[in-house]
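Participant: Protein sequence lines, in the order shown, are assigned to chains A and B.
Read left to right, the first sequence gives residues 287 to 627 (my numbering).
Read left to right, the second sequence gives residues 287 to 627 (my numbering).
2 protein chains.
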Amino acid sequence: MILDERKKLILESIIRDYVETAEPVGSRAVVKKHGLKISAATVRNEMSDLEEMGYLEQPHTSAGRIPSQKGFRYYVDCMMEKETLDEKETEFLLHLLDDSFQELNELIQKIGHYLARITNYASFVIVPSINLSKFKYLQLIPIEEGKALLLLVTDLGVVMHRQIEVPGSIKAAELDLIGRVLNQILAGKKLAEVQRGDLQALREELKQRRRVIDRALEAIESLLANSNEERVMISGALNILNEPEFKDVDKLRRILAFLEEESMLKNLLPDNIGNKVDIRIGKENQSQAIQELSLVFSGYQTQGEKGWMGLMGPIRMEYWKAAGSLDSVREIIEEIIKKRF
Amino acid sequence: MILDERKKLILESIIRDYVETAEPVGSRAVVKKHGLKISAATVRNEMSDLEEMGYLEQPHTSAGRIPSQKGFRYYVDCMMEKETLDEKETEFLLHLLDDSFQELNELIQKIGHYLARITNYASFVIVPSINLSKFKYLQLIPIEEGKALLLLVTDLGVVMHRQIEVPGSIKAAELDLIGRVLNQILAGKKLAEVQRGDLQALREELKQRRRVIDRALEAIESLLANSNEERVMISGALNILNEPEFKDVDKLRRILAFLEEESMLKNLLPDNIGNKVDIRIGKENQSQAIQELSLVFSGYQTQGEKGWMGLMGPIRMEYWKAAGSLDSVREIIEEIIKKRF
DNA sequence: ATTAGCACTCAATAGAAGAGAGTGCTAACA
DNA sequence: TGTTAGCACTCTCTTCTATTGAGTGCTAAT
Numbered sequence: 287m288i289l290d291e292r293k294k295l296i297l298e299s300i301i302r303d304y305v306e307t308a309e310p311v312g313s314r315a316v317v318k319k320h321g322l323k324i325s326a327a328t329v330r331n332e333m334s335d336l337e338e339m340g341y342l343e344q345p346h347t348s349a350g351r352i353p354s355q356k357g358f359r360y361y362v363d364c365m366m367e368k369e370t371l372d373e374k375e376t377e378f379l380l381h382l383l384d385d386s387f388q389e390l391n392e393l394i395q396k397i398g399h400y401l402a403r404i405t406n407y408a409s410f411v412i413v414p415s416i417n418l419s420k421f422k423y424l425q426l427i428p429i430e431e432g433k434a435l436l437l438l439v440t441d442l443g444v445v446m447h448r449q450i451e452v453p454g455s456i457k458a459a460e461l462d463l464i465g466r467v468l469n470q471i472l473a474g475k476k477l478a479e480v481q482r483g484d485l486q487a488l489r490e491e492l493k494q495r496r497r498v499i500d501r502a503l504e505a506i507e508s509l510l511a512n513s514n515e516e517r518v519m520i521s522g523a524l525n526i527l528n529e530p531e532f533k534d535v536d537k538l539r540r541i542l543a544f545l546e547e548e549s550m551l552k553n554l555l556p557d558n559i560g561n562k563v564d565i566r567i568g569k570e571n572q573s574q575a576i577q578e579l580s581l582v583f584s585g586y587q588t589q590g591e592k593g594w595m596g597l598m599g600p601i602r603m604e605y606w607k608a609a610g611s612l613d614s615v616r617e618i619i620e621e622i623i624k625k626r627f
Numbered sequence: 287m288i289l290d291e292r293k294k295l296i297l298e299s300i301i302r303d304y305v306e307t308a309e310p311v312g313s314r315a316v317v318k319k320h321g322l323k324i325s326a327a328t329v330r331n332e333m334s335d336l337e338e339m340g341y342l343e344q345p346h347t348s349a350g351r352i353p354s355q356k357g358f359r360y361y362v363d364c365m366m367e368k369e370t371l372d373e374k375e376t377e378f379l380l381h382l383l384d385d386s387f388q389e390l391n392e393l394i395q396k397i398g399h400y401l402a403r404i405t406n407y408a409s410f411v412i413v414p415s416i417n418l419s420k421f422k423y424l425q426l427i428p429i430e431e432g433k434a435l436l437l438l439v440t441d442l443g444v445v446m447h448r449q450i451e452v453p454g455s456i457k458a459a460e461l462d463l464i465g466r467v468l469n470q471i472l473a474g475k476k477l478a479e480v481q482r483g484d485l486q487a488l489r490e491e492l493k494q495r496r497r498v499i500d501r502a503l504e505a506i507e508s509l510l511a512n513s514n515e516e517r518v519m520i521s522g523a524l525n526i527l528n529e530p531e532f533k534d535v536d537k538l539r540r541i542l543a544f545l546e547e548e549s550m551l552k553n554l555l556p557d558n559i560g561n562k563v564d565i566r567i568g569k570e571n572q573s574q575a576i577q578e579l580s581l582v583f584s585g586y587q588t589q590g591e592k593g594w595m596g597l598m599g600p601i602r603m604e605y606w607k608a609a610g611s612l613d614s615v616r617e618i619i620e621e622i623i624k625k626r627f
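#1: Below 8 Å between beta carbons is the criterion; list the residues of the region 536 to 552 of chain B that meet it against any residue of chain A, in chain order.
#2: At what residues does the beta strand (DSSP E) containing Arg448(A) begin and finish?
#3: Taking C-beta pairs closer than 8 Å, name the residues in chain A that Lys533(B) reaches, listed in chain order.
#4: Closer than 8 Å by C-beta to Pro345(A): which residues in its own chain qualify, once you throw out the five before and the five after it? Chain order, please.
#5: Leu336(B) to Asp290(B), Cα distance in whole Å?
#6: Helix or strand or just coil, what does DSSP make of Ser614(B)?
#7: Kindly identify the DSSP beta-bridge partner or partners of Phe532(B).
#8: Which same chain residues end up closer than 8 Å to Lys569(B) when comparing Cβ atoms and leaving out the 5 residues on each side of it in sequence?
#9: With DSSP as the reference, label Ser521(B) as helix, strand or coil.
#10: Which chain A residues sit within Cβ distance under 9 Å of Ile394(B)?
#11: Under a CB-based cut-off of 7 Å, is Leu524(A) close to chain B?
#12: Identify whether Ala459(A) lies in helix, strand or coil by the three-state DSSP scheme.
#13: Compute the distance between the beta-carbons of Val411(B) and Met595(B), then report whether it is under 7 Å.
#14: Do three or more CB pairs link the region 448 to 462 of chain A to the region 498 to 515 of chain A at distances below 8 Å?
#15: Per DSSP, what kind of secondary structure is Ile565(B) in: helix, strand or coil?
#16: Given a limit of 9 Å on CB to CB distance, which residues of the region 424 to 454 of chain A reach chain B?
#17: In the DSSP assignment, what are the bridge partners of Gln395(A)?
#18: Less than 7 Å between C-beta atoms, sequence neighbours within five positions excluded: which residues of the same chain meet that for Arg292(A)?
#19: How many angstroms separate the CA atom of Phe387(A) from the CA atom of Arg539(B)?
#20: Give a yes or no on whether 7 Å exceeds the smallest Cβ distance from Leu527(A) to chain B.
#21: For Ile288(B), which three-state DSSP category applies?
#22: Could you work out which residue in Val563(A), Pro600(A) and Ser313(A) is closest to Glu369(A) when comparing CA atoms only?
#23: For Val535(B) versus Ile429(A), is the C-beta distance shorter than 7 Å?
#24: Taking all protein chains shown into account, decide if Phe378(A) is buried (16 or more other Cβ within 10 angstroms of its Cβ) or exposed.
#25: Among Asp441(A), Leu597(A) and Arg602(A), whose alpha-carbon lies nearest the alpha-carbon of Arg616(A)?
#26: Which same chain residues end up closer than 7 Å to Asn391(B) when comparing Cβ atoms and leaving out the 5 residues on each side of it in sequence?
#27: So, at 8 Å on beta carbons, what are the nonlocal neighbours of Met287(A) in its own chain, with the 5 sequence-adjacent residues on each side left out?
#28: Here's the rule: buried if 16 or more other CB atoms are within 10 angstroms of the residue's CB, otherwise exposed. What is Glu306(B)?
#29: Distance, Cα to Cα, Tyr237(B) vs Ser614(A)?
#30: If we count Cβ pairs, one from each stretch, closer than 8 Å, do we get three or more for the region 512 to 530 of chain A versus the region 548 to 555 of chain A?
#31: Determine, using beta carbons only, whether Tyr341(A) and Gly357(A) come nearer to each other than 7 Å.
#32: Could you give the distance in angstroms between the alpha-carbon of Ile397(A) and the alpha-carbon of Asp303(B)?
#33: Could you tell me the alpha carbon to alpha carbon distance between Ile464(B) and Ala505(B), rounded to whole angstroms?
#34: Considering only DSSP beta bridges, list what Trp606(B) is partnered with.
#35: Is the CB-CB distance between Ser580(B) and Ile601(B) below 7 Å?
Here's what the structure looks like:
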């Protein structure tokens with residue numbers, strides 16, 4: 287559907303106004319705001335057309351118009367220009383992140399906080415499951431009589447550990463040996479592959495220390511199972527308290543409850559991760575619980591790892607700002623990661 | 287101040303009723319509810335007395351009475367009987383915790399969730415700083431060209447790690463040696479003590495590998511600094527959305543904002559940790575932000591480690607249930623920890 | 001000391017009136 | 001044919017008033 291320039295102008299004007307004030311916008315307001323050369327009556331006619339086409343709606347007869355979800359959709363698809371971060375913000379972000387993190391997770395979490403802070407929306411970040419990364423290093427370390435620590439490092443430097451029981455009689459050197467063997471067999475494999483056959487094969491190979499190996503393998507399995515899950519992190523959930531559409535406590539409860547059930551989020555995102563910004567407006571969301579919310583999100587990709595990050599706000603959302611910020615931030619973190627790892 | 291039996295009965299009746307309904311309680315309601323043998327008029331006289339004494343207050347002339355904070359305080363101090371967990375709940379909790387945790391932190395966190403769930407209040411747990419626990423074991427592990435992992439274990443089995451840079455030329459055996467030396471010097475020390483002089487002394491002792499050692503010591507210092515902070519964990523914050531006194535979004539915002547600033551909490555608790563349940567009602571709290579909330583909390587103690595756990599709810603709180611639950615839960619976790627570690 | 005009776009108070013609710021914002025339609029104009 | 005001014009109309013929102021009802025406090029009787 288193609289709109290003529292004047293209709294576009296009016297639609298944009300109404301959207302900008304409505305996003306800012308959360309109030310229906312009248313014809314006079316449109317004229318004044320943009321200093322248009324046409325009269326309010328003309329605008330009224332156009333607005334009437336736009337309503338008929340489904341881009342605007344009227345809360346009641348004598349109110350102004352508000353953009354419909356379809357209106358937002360049209361704006362987002364055909365008219366919007368993203369507002370990326372300006373230099374100062376970029377600078378600040380870079381400064382914030384500069385080697386102040388030890389691990390990928392930390393970085394990602396900081397990004398989440400930052401996004402929430404500059405946009406005043408709730409942000410979410412979905413950290414890729416470690417599953418995809420490669421096994422790199424493993425060691426068995428005696429801690430005390432009867433206990434050892436299994437240490438596992440992936441090639442991206444994620445360290446996981448777990449205590450296991452071992453016979454009291456076992457010697458440090460022996461533990462070390464077992465560790466080495468495990469290491470050799472697993473080295474370079476993807477963690478996801480490890481699960482399949484190797485563990486069984488290993489059990490056979492090292493019969494004489496069955497007990498230790500069994501425990502070690504259990505520990506590895508358990509670590510895998512744990513890290514298998516993508517982690518979802520939400521920041522700035524309280525930002526939605528500031529939106530006038532959620533001054534009703536019941537609505538609020540529904541939404542915050544949804545956010546608390548973090549795992550729900552990832553079901554809503556598409557299966558394959560690109561890295562273009564995608565937008566889900568209100569009812570376009572699958573989940574009942576957040577059909578009064580909009581999602582703006584983007585995949586990110588870092589040498590083999592893929593994850594999501596995004597923003598959630600009211601339907602009356604500054605999509606331009608949200609989408610632009612995401613674009614900028616994605617670029618920045620991909621760059622940082624490339625440099626660091 | 288001593289109240290006669292009848293006044294006590296009436297005060298209790300009003301408190302119970304008010305806690306349940308959040309509505310002012312009238313004289314008739316008191317009589318009916320408890321099937322008292324006295325008339326409403328008599329109750330009115332008594333209520334008037336109680337008000338004069340400061341235990342009750344009236345929102346306005348023609349409303350019933352509600353307990354004042356002083357009233358709650360009196361009840362809590364002189365009349366309340368704690369309601370500990372019943373057998374089924376205890377059973378369930380034990381089952382929930384039974385070896386399903388790897389580390390102390392995990393256990394504590396689960397406890398927090400459980401407390402929030404059974405009481406329908408927000409729970410908090412403050413995990414003791416690791417500072418107090420003893421250094422047990424340290425190892426340097428080569429990961430790849432130029433990078434090593436410093437691994438540190440405390441006697442309670444908490445594992446911390448951090449990557450450090452090392453010269454590319456260094457051999458695994460050498461790293462191992464350095465680790466051993468560090469180990470010997472630090473072994474058995476309390477982590478808090480480590481900070482003082484040892485690190486400096488060490489630097490002298492191992493001049494030939496200054497670079498590695500410097501990095502290792504930096505890492506240890508940084509780990510210490512990180513773990514120095516007590517960690518605060520809050521669960522079930524959304525439970526306060528259900529309380530009618532917070533249906534006002536502004537109040538809500540203040541309180542949730544306070545909860546998000548988790549670190550604030552520990553400033554509110556007494557300096558020395560006992561393990562009796564303590565209660566702070568409304569204005570008794572130091573912090574402005576939560577003077578409309580009550581805190582019920584208790585210390586817990588596990589071989590040298592001390593921490594806090596507690597519940598936060600409206601002033602109109604089921605103190606008997608909260609205090610009782612805490613008592614039960616504390617007993618249970620202290621027992622579990624004694625058994626496990 | 002207790003209680004029944006009654007006048008009184010005050011919040012909460014409902015209804016009515018008025019104000020104001022904004023529209024849609026009509027007729028005039030370029 | 002597109003644009004505009006004018007005006008009646010609609011509907012929400014606010015304000016004001018009346019009514020209701022719960023609950024009290026006081027008084028007088030038991």
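For each residue, glycine too, the CB sits at the ideal point set by N, CA and C.
Since this is a predicted model, take the numbers as computed values, not measurements.
Facilitator: Checking against the coordinates, here is how it stands:
#1: Residues Leu538, Arg539, Leu542, Ala543 and Glu546.
#2: Val445 to Glu451
#3: Val535
#4: Pro310 and Ile352
#5: 11 Å
#6: helix
#7: BP columns for Phe532(B) are empty, so no partner.
#8: Gln355 and Gln577
#9: Judged by DSSP in its simplified three-state form, Ser521(B) adopts strand.
#10: Neighbours of Ile394(B) on chain A: none; closest Cβ ~17 Å, over 9 Å.
#11: yes
#12: helix
#13: yes
#14: yes
#15: strand
#16: Hits within the stretch, in order: Gln425, Ile427, Pro428, Ile429, Glu430, Lys433, Leu435, Leu437, Val439, Asp441, Gly443, Val445, His447, Arg448 and Gln449.
#17: Its beta-bridge partners do not exist; DSSP assigns none.
#18: Excluding positions up to five away in sequence, the list reads Glu332.
#19: Cα to Cα, the separation comes out at about 31 Å.
#20: yes
#21: coil
#22: When each option's Cα is compared against that of Glu369(A), the closest is Val563(A).
#23: no
#24: Result: exposed.
#25: Leu597(A)
#26: Val413
#27: Met339 and Tyr360
#28: exposed
#29: As shown, chain B starts at 287 and ends at 627. That puts residue 237(B) outside it, with no answer to give.
#30: Yes, they touch.
#31: yes
#32: 48 Å
#33: If you take the alpha carbons of Ile464(B) and Ala505(B), they lie about 14 Å apart.
#34: DSSP output for Trp606(B) lists no bridge partner at all.
#35: Pairing Ser580(B) with Ile601(B) gives a Cβ-Cβ distance under 7 Å.
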